[in-house]
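Each remark here refers to the structure printed beneath this line.
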Amino acid sequence: MYCFFNTLPDEMLTEVALFLIPDHRSRCAFARVCRRFCGVAYDVFNQTPAFVYACQHQYTDIMERFLTDARVDPTAWGNAAIRWSSELGHPDVVRLLLADGRADPTAGNYA
């Protein structure tokens, strides 16, 4: 069966998804259209993997940009960002996360 949506490039779908960021109900509806839309929605709406990667590799300039984005939750994955940064000995990253105020320094008994 022919579907118009299958002919749209991912870049265009990404732009549509970015437009929907402020509206939670629209984001959910977009993600439920089909598997392809769900994949695009995950990449656009879930910034946690990229944020945690930036923390692990001490990309503090990128972290600062992520921390201003409402889609980023520094406490995601059980406070993985601060836990892993502490384990890896990245004081600048830990300092930045603590300054943001959302990360829990006592998560996983790292106090």
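According to the UniProt record's numbering, the sequence shown is numbered sequentially starting from 1.
The C-beta atom is built at its ideal place from N, Cα and C for all residues, glycine as well.
Am I right that ASP73 and THR48 are in contact with their C-beta atoms under 8 Å? What's the rounded C-beta distance?
For the purposes of this step, residue 73 is taken as residue 73 along the sequence shown, with counting starting at 1. For the purposes of this step, residue 48 is taken as residue 48 along the sequence shown, with counting starting at 1. About 6 Å separates the beta carbon of ASP73 from that of THR48, a gap short enough to meet the 8 Å contact definition.
Which residues in the same chain have their Cβ closer than 7 Å to the Cβ of GLN58, if we skip the five residues on either side of it in sequence?
Within the sequence shown, numbered from 1, the residue matching residue 58 stands at position 58. Listed in chain order, the non-local C-beta contacts of GLN58 below 7 Å within the same chain comprise HIS90, ASP92, VAL93, local neighbours out to five positions each way being set aside.
My output table needs one value for PRO105: the three-state DSSP class, helix, strand or coil.
The residue labelled residue 105 in the question sits at position 105 within the sequence shown. Of the three classes helix, strand and coil, the one that applies to PRO105 here is coil, per DSSP.
For the alpha helix (DSSP H) that GLY78 lies in, which residues bound it at each end?
Locating residue 78 in the sequence shown gives position 78, counting from the first residue. From DSSP, the alpha helix (DSSP H) with GLY78 extends over 76-87.
Report yes if the C-beta distance between LEU96 and PRO105 is below 8 Å; otherwise report no.
Your numbering for residue 96 matches position 96 in the sequence shown. Your numbering for residue 105 matches position 105 in the sequence shown. No; because the gap between Cβ atoms is not below 8 Å, this pair is not in contact.
Inter-residue Cα distance where the pair is ALA29 and ASP23
Counting from one through the sequence shown, the residue named residue 29 turns up at place 29. Counting from one through the sequence shown, the residue named residue 23 turns up at place 23. The straight-line gap from Cα to Cα measures roughly 10 Å.
Alpha carbon to alpha carbon, how far is ALA76 from ILE82?
Against the sequence shown, residue 76 aligns to sequence position 76. Against the sequence shown, residue 82 aligns to sequence position 82. Rounded to whole angstroms, ALA76 to ILE82 spans 10 Å at the Cα level.
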